[in-house]
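Trainee: The numbering used here applies: residue 1299 is where the sequence shown begins, and numbers increase by one.
Backbone N, C-alpha and C fix where the C-beta goes; we use that ideal spot for every residue, glycine too.
Note that the structure is a prediction, hence the values are computed from the model and not measured.
The structure that follows is given in the form of structure tokens.
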Amino acid sequence: MAEAIVSLAIQRINGLLIQEAVFLSGVKEEVTRLQEELKRILCFLKDADRRQDQDERVRNWVAEIRGVAYDAEDVIETFILEAATGRGEGASGIMKRFTSIIKKVPHIHEIRNQIESIRTKICDISSSLQTYDIKFVAKREWSSSASEMQQRLRRSYPHDEDEHVISFDAVIRDLKAQLMIEEERLRVVSIVGIGGLGKTTLAKKVYNDNRVKQHFDCYAWAFMSQQFSVRDLLVRILTEAADKSKLESTEQGKEIMKGEQPFASKLETLKEEDMFKSMLERMKEEDLVKKLYKVLEEKRYLVVLDDIWSNEAWDCLKRAFPNGKKGSKVLLTTRNKKIASSADPWSSPVEPPFLTSNEAWELLRRKAFPNHIATENNCPPEFEKLGREMVKKCGALPLAVVVLGGLLATKKTLKEWEIVQRSVNAQFTTFLQQHNQYAEVYGILALSFHDLPFHLKPCFLYLSQFPEDWEFQKRSLIRMWIAEGFVAQPEAETDITMEDIAEHCLEELVSRCMVQVSERDHTGIGVKTFRVHDLMRDMCISKARDENFAGTIEHRDSFATNTSSHFLKSAASRARRIAIHPRISGDNAGKRFYVPLVKGSDPHVRSLHYFVDQGKYRITRGQEIYIIKKFKLLRVLNLKNIYLSKYHMPREIGNLIHLRYLGLSDTGLWVTTKCMFLVSTSLPASIGNLKSLYTLDVRNNSLQSLPDVLWKLENLRHVLVNPCFEGRLRLDTLAHLETLKWMRAKNLIARDAVLKLTNIRNLGVYFEEPEEVEIVLNSINLGRLRSLKMSISNEKSFPSLELLSGCNHLTKLELQGRISEDPKSLHHNLGSLPVSLVKLILSCSHLKQDPMCYLEKLPNLRFLSLDDEFSCMGSKMVCSVNGFPQLEILILDKLRELEYWQIEEGSMKCLKNLYLKDLRKLRMIPTGLKFVTTLQELKVADMAAFEKRVQVIEGVEGDDFDKVRHIPSVSVSYSWGHKVEEPESEEDSGLEEDPECT
């Protein structure tokens, strides 16, 4: 991790040298030399990071380097902050600059001394390598008794089966079927999942199955690990494959396998095996590959590669595996989905499920009472209650449950169980240190962290700040990563953005099973939301704390009201990032939160997060000022759901010149009363000083205007405001802007701003006149658009939407407003929608003609919503044969004029979810629905009268609407609330439910 921290420091210093050169005049040479010193020491850190868990000297050395890197950032950014406070504009600005020059001279001298002191520290740390005989060697040569011990503890042996296997029956059947199917090509079957999920246990089960073994001519098991030798693996596979093939092909071999061969003969066989192995070990690696290839070429073989960590490892071995006889297989276990897909792109990996609460308890019971396994009811109720509470901490991870069960097996009384239950985390740690036979849950998960590329480590540790069971929103998180500087700038002259790189980082964490996808986005490919397993989160928190990377504090009602008495816990006292998790009991309304203070340690904090549920939670004016004055080097400030006092942000916010992410959604910025008149409040004009700002999020407030200073923030990438926003803003300087939601078209047209916003990907725009639509669509870079939301004022209509056909990458489109529908216009409007569309939402369209004849021809459409009574006002709707080839979700909401709906056989072949609401005149569910065999869920609401006269399918009538269950897998529900899918910042189901528009 120190490697990542020093690399980030180098990147940040380089960025400051470029972007803040004017403030670094006078010390630029010293800063450059400091940066080069850090670069020189960086080359030692990769191996040092790997060794610090085994060597106290290395651990101290790494901690010193990490501290130096942090100090370097603090000194330079503090100097820039001081220099920036002396700048001003106009006549007063001239005086301020003159005064600041006088003040700056001693300050330059001071920072030079500080930088020289840091460089001296680096030299001292470097010389300590020789003084204390700390040596670093290449990774392939690196070895230590501790690491070897860990590898031996984790090594898997196929004969060492776990006798207690829970919940794998269905997966085992699937695996057996995949292994025993006969195909001409070599098939690679992969088992993928988080560490401790039971991948190896599952592989052992199928490997040792008699039917599986009889199906293959020869088989071999090889444990890999992160540090493996290709030669050793080849020798091991050759020895096992050749031996089993030889033994099973002769009568003598069959006798030996049965255990009937005399001991002397067995001993002689072992000697022959040793000679064979010794001969193999003398061969060159290339000859071993050829030998193994030849041995397997004429056989139906099964080779298990347990715990493979990289594509490079597979590439080294795959050339040794021929197609073999029909039906040959390689079975591998891995934590990385990319390895599975690289090994065999045509084979879907098997992912073992997490345990249910009942399965977790059953596994714990068997482990905790090993002598009474046959008796199902051997556990007293009071023990069961405690046990069920404890398995919740295991996060449904089998290995964690097994370890806990092993611990409880040593506890015989209820009092001992209660002690374990009260301190289960501490007990886990102690037990794991003392009982290596179960391997280390923490260590196994930590292996995944150590294997991360250095640029992904801070991205992962950043997740430690979020509360338990938190559902992460992808877009918000990657914007924070970018603001923190975790994401590298893309190469020049490419269309790749930092957001693309950040999304790739997230996908990499997903592929490594470090995080779990909760929901895919509207494309079905990208991540929308995700979670972190509880035990993985515990490991993440521990690592972040050890590295002073991040710390958390839980706020409670018991805190005193005097803010000066609040202090962070020691765990977060030196953390670079602070997350506050308020837990408020009782009535939440009007609760006041207080920022815990850190005496003498505040300047190092780079991000401050509040994590609270939605509600009227407040902080005092004094606390707002405290944040701004004490946390001067903040890059990320997230106050979402915290109501600000007086409903506006203090003007001192403009002093946080390093701020890159300002999250103020749901903070109570709204209209206030003054002299009995309502007046709009806003952010202060001082936000124009935040030159480094990337993201400004003020959604879900009642702001009606912003100060016209955004044009000064030339680094802005994402601006998120309410759709009711009416103010005038200058936007023509924001060339880096990627997201703009919402904005009135007049602001885009003024100063030809729309021509200069060349990087816009996500746009929400409100038009007052049809002419504005044509101007914007003719001027904007349509080729970069990914998401477009357009709303036009009442009684106005969208002009021709034919220009949208040039949006080759547009996947999401929302249109709120009238669509002209004379025959020619409707063809040019709906008939011109881009074929790339995946999600389409229409509202207030006032369409009297059936739009389906156009929409069903969109080849990639997966989500379609006609979601208000004015979207479609016709009485007839037809879905034709082969129409909607990819549609999975269809929403028809308040189509109160719809009387007849026909679904022809062969239409909507992929439909999974159908939502019908308030279709008052519709007399029957289309009979063609019975042909949609993919349907999984049908939700109906506000159709009580309709239920009494519905004919569900041909020949079936009745008052019971549940007869729509013509497909066994279909789930029918009447209680459909207004929300169809859980909305997210830019992944919502409609304008009315969009948190950006509320």
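(1) Which of the three DSSP states, helix, strand or coil, is assigned to Tyr1992?
(2) Who pairs with Val1373 in a beta bridge, going by DSSP?
(3) Using only alpha-carbon positions, find the residue among Asn2079, Glu2119, Ser2091 and Asn2092 that is nearest to Ser2103.
(4) Mark His1802 as exposed unless 16 or more other C-beta atoms lie within 10 angstroms of its C-beta, in which case mark it buried.
(5) Relative to the C-alpha of Phe2126, which residue among His1407, Leu2138 and Leu2101 is closest?
(6) Do you know offhand how far Asn1411's Cα is from Asp1369's?
(7) May I have a chain-ordered list of the beta strand (DSSP E) segments no shorter than 3 residues that lie completely inside the stretch 1604-1678?
(8) Pick from Pro1948, Lys1616 and Asn1634: whose alpha carbon is nearest that of Lys2297?
(9) Just how far apart, CA to CA, sit Thr1632 and Ile2073?
(10) Going by DSSP in three states, Trp1519 sits in which element: helix, strand or coil?
(11) Is the beta carbon of Ala1618 sitting closer than 8 Å to the one on Leu1661?
(12) For the 8 Å Cβ check, are there 3 or more pairs between the stretch 1750-1768 and the stretch 1300-1315?
(13) Name the residue from Ala1744, Cys1692, Arg1663 and Pro1751 whose alpha carbon lies nearest to the alpha carbon of Lys1709.
(14) Which of helix, strand or coil does DSSP assign to Ala1694?
(15) Throw me the rounded Cβ distance for the Gly1966 and Leu1935 pair, which I believe falls under 8 Å.
(16) Should Lys1972 be labelled buried (16 or more other beta-carbon atoms within 10 Å of its own) or exposed?
(17) Does the Cβ of Leu2053 lie closer than 7 Å to at least one heavy atom of the ligand NAD?
(18) Would you mind stating whether Ala2047 and Glu2067 have Cβ atoms separated by less than 8 Å?
(19) Please tell me whether Leu1967 has its Cβ less than 8 Å away from any Cβ of chain C.
(20) When burial is assigned at 16 or more other CB atoms within 10 Å of the CB, is Met1577 buried or exposed?
(21) Consult DSSP for His1802 and reduce its assignment to one of helix, strand or coil.
(22) Which whole-angstrom value describes the C-beta separation of Gly1496 and Pro1696, a residue pair presumed to lie in contact below a C-beta threshold of 8 Å?
(23) May I ask you to report which of helix, strand or coil DSSP gives Val1825?
(24) Can you check which of these residues, Met1834, Leu1804, Ala1842 and Glu1845, is closest to Val1825 by C-alpha distance?
(25) Taking the beta strand (DSSP E) that Gln2114 falls in, what are its first and last residues?
(26) Since Asp2216 and Arg2194 are thought to touch, with beta carbons under 8 Å apart, how far apart are those beta carbons, to the nearest angstrom?
(27) Along the chain, where does the beta strand (DSSP E) containing Glu1817 start, and where does it finish?
(28) For Gly2062, list the residues DSSP reports as bridge partners.
(29) Considering only the beta carbon of each residue, do Val1286 and Met1478 sit closer than 8 Å?
(30) Determine the DSSP secondary structure at Glu1354, reduced to helix, strand or coil.
(31) Under three-state DSSP, which class holds Ile1839?
(32) Go ahead and label Leu1843 buried or exposed: buried means 16 or more other beta carbons lie within 10 angstroms of its beta carbon, across all protein chains shown.
(33) For Ile1311 and Lys1337, I'd like the C-alpha separation in whole angstroms.
(34) Could you pull out every residue in the same chain whose Cβ sits closer than 6 Å to the Cβ of Glu1328, ignoring the five residues on either side in sequence?
(35) On the CB-based measure, 16 or more other CB atoms within 10 Å of its CB, does Ala2033 come out buried or exposed?
(36) Can you say whether Pro2121 is buried or exposed, counting buried as having 16 or more other CB atoms within 10 angstroms of its CB?
Mentor: If we stick to the structure as given:
(1) In the sequence shown, the residue the question calls residue 1992 occupies position 694. Correct three-state label for Tyr1992: coil.
(2) For the purposes of this step, residue 1373 is taken as residue 75 along the sequence shown, with counting starting at 1. In DSSP, Val1373 forms no bridge with anything.
(3) Working through the sequence shown from its first residue, we reach residue 2103 at position 805. Per the Cα distances, Asn2079.
(4) If you number the sequence shown from 1, residue 1802 lands on position 504. His1802 should be labelled exposed.
(5) Start at 1 with the first residue of the sequence shown, and residue 2126 comes out as number 828. According to the sequence shown, residue 2126 is His rather than Phe. Ranking the options by Cα distance to His2126, first place goes to Leu2101.
(6) Counted from its first residue, the sequence shown places residue 1411 at position 113. Counted from its first residue, the sequence shown places residue 1369 at position 71. Each residue's alpha carbon lies about 13 Å from the other.
(7) 1627-1632
(8) One cannot answer for residue 2297 here, as it falls past the ends of the chain, which runs 1299 to 2296.
(9) Here the question's residue 1632 lines up with position 334 in the sequence shown. Here the question's residue 2073 lines up with position 775 in the sequence shown. Their backbone Cα atoms lie some 53 Å apart in a straight line.
(10) Position 221 of the sequence shown, counting from 1, holds the residue named residue 1519. DSSP places Trp1519 in strand when its eight states are reduced to three.
(11) As a working mapping, residue 1618 is identified with position 320 in the sequence shown. As a working mapping, residue 1661 is identified with position 363 in the sequence shown. No.
(12) yes
(13) Translated into positions along the sequence shown, residue 1709 becomes position 411. If we check each option's Cα against that of Lys1709, Arg1663 comes out closest.
(14) As a first step, residue 1694 is located in the sequence shown; it is residue number 396 there, counting from the start. Assigned with DSSP and collapsed to three states, Ala1694 falls in coil, not helix or strand.
(15) In the sequence shown, the residue the question calls residue 1966 occupies position 668. In the sequence shown, the residue the question calls residue 1935 occupies position 637. Actually they do not touch by this definition, with Cβ atoms about 16 Å apart.
(16) Here the question's residue 1972 lines up with position 674 in the sequence shown. Since pLDDT at Lys1972 reaches only 49, below the 50 mark, its modelled position is unreliable, and no value is offered.
(17) Inclusion of the ligand NAD in the displayed structure is not the case, the ligand content being empty and no account of it being possible.
(18) Here residue 2047 corresponds to residue number 749 of the sequence shown, with the count starting at 1. Here residue 2067 corresponds to residue number 769 of the sequence shown, with the count starting at 1. With the sequence shown as reference, residue 2047 is identified as Ile, and Ala is not the correct amino acid for it. No, these two residues do not count as a Cβ contact at 8 Å.
(19) Absent from the structure: chain C. Only one protein chain is present.
(20) The residue you call residue 1577 lines up with position 279 of the sequence shown. With fewer than 16 other Cβ atoms within 10 Å, it is exposed.
(21) Working through the sequence shown from its first residue, we reach residue 1802 at position 504. Looking at His1802 - three-state DSSP - the assignment turns out to be helix.
(22) Taking the first residue of the sequence shown as position 1, residue 1496 is located at position 198. Taking the first residue of the sequence shown as position 1, residue 1696 is located at position 398. The pair is a contact, with the Cβ atoms about 4 Å apart (cut-off 8 Å).
(23) Along the sequence shown, read from residue 1 onward, the residue named residue 1825 stands at position 527. DSSP places Val1825 in strand when its eight states are reduced to three.
(24) Mapped onto the sequence shown, residue 1825 falls at position 527. Checking every option, the nearest Cα to that of Val1825 belongs to Leu1804.
(25) Position 816 of the sequence shown, counting from 1, holds the residue named residue 2114. Here the beta strand (DSSP E) through Gln2114 covers Lys2110 to Gln2114.
(26) Here residue 2216 refers to the residue found at position 918 of the sequence shown. Here residue 2194 refers to the residue found at position 896 of the sequence shown. The Cβ separation is near 7 Å, so the contact holds.
(27) Your numbering for residue 1817 matches position 519 in the sequence shown. It spans Gln1814 to Arg1818 - the beta strand (DSSP E) in which Glu1817 sits, taken as one unbroken run.
(28) Taking the sequence shown and counting its residues from 1, the one referred to as residue 2062 is at position 764. Residue pairing from DSSP places Gly2062 in a beta bridge opposite Lys2087.
(29) Given that the chain is displayed from residue 1299 to residue 2296, the structure contains no residue 1286 and the question cannot be resolved.
(30) Residue 1354 sits at position 56 when you count from the first residue of the sequence shown. DSSP places Glu1354 in helix when its eight states are reduced to three.
(31) Residue 1839 sits at position 541 when you count from the first residue of the sequence shown. Of the three classes helix, strand and coil, the one that applies to Ile1839 here is helix, per DSSP.
(32) Residue 1843 sits at position 545 when you count from the first residue of the sequence shown. Inspection of the sequence shows that residue 1843 is occupied by Arg rather than by Leu. By the neighbour-count rule (16 or more Cβ atoms within 10 Å), Arg1843 is buried.
(33) For the purposes of this step, residue 1311 is identified with residue 13 of the sequence shown, where counting begins at 1. For the purposes of this step, residue 1337 is identified with residue 39 of the sequence shown, where counting begins at 1. Ile1311 and Lys1337: Cα-Cα distance of roughly 11 Å.
(34) Indexing the sequence shown from 1 puts residue 1328 at position 30. Within the same chain, Glu1328 has close Cβ partners Arg1410 and Ile1413.
(35) Here residue 2033 refers to the residue found at position 735 when the sequence shown is read from its first residue. Exposed, since its Cβ has fewer than 16 Cβ neighbours within 10 Å.
(36) The sequence position of residue 2121 within the sequence shown is 823, counting from 1. Exposed, since its Cβ has fewer than 16 Cβ neighbours within 10 Å.
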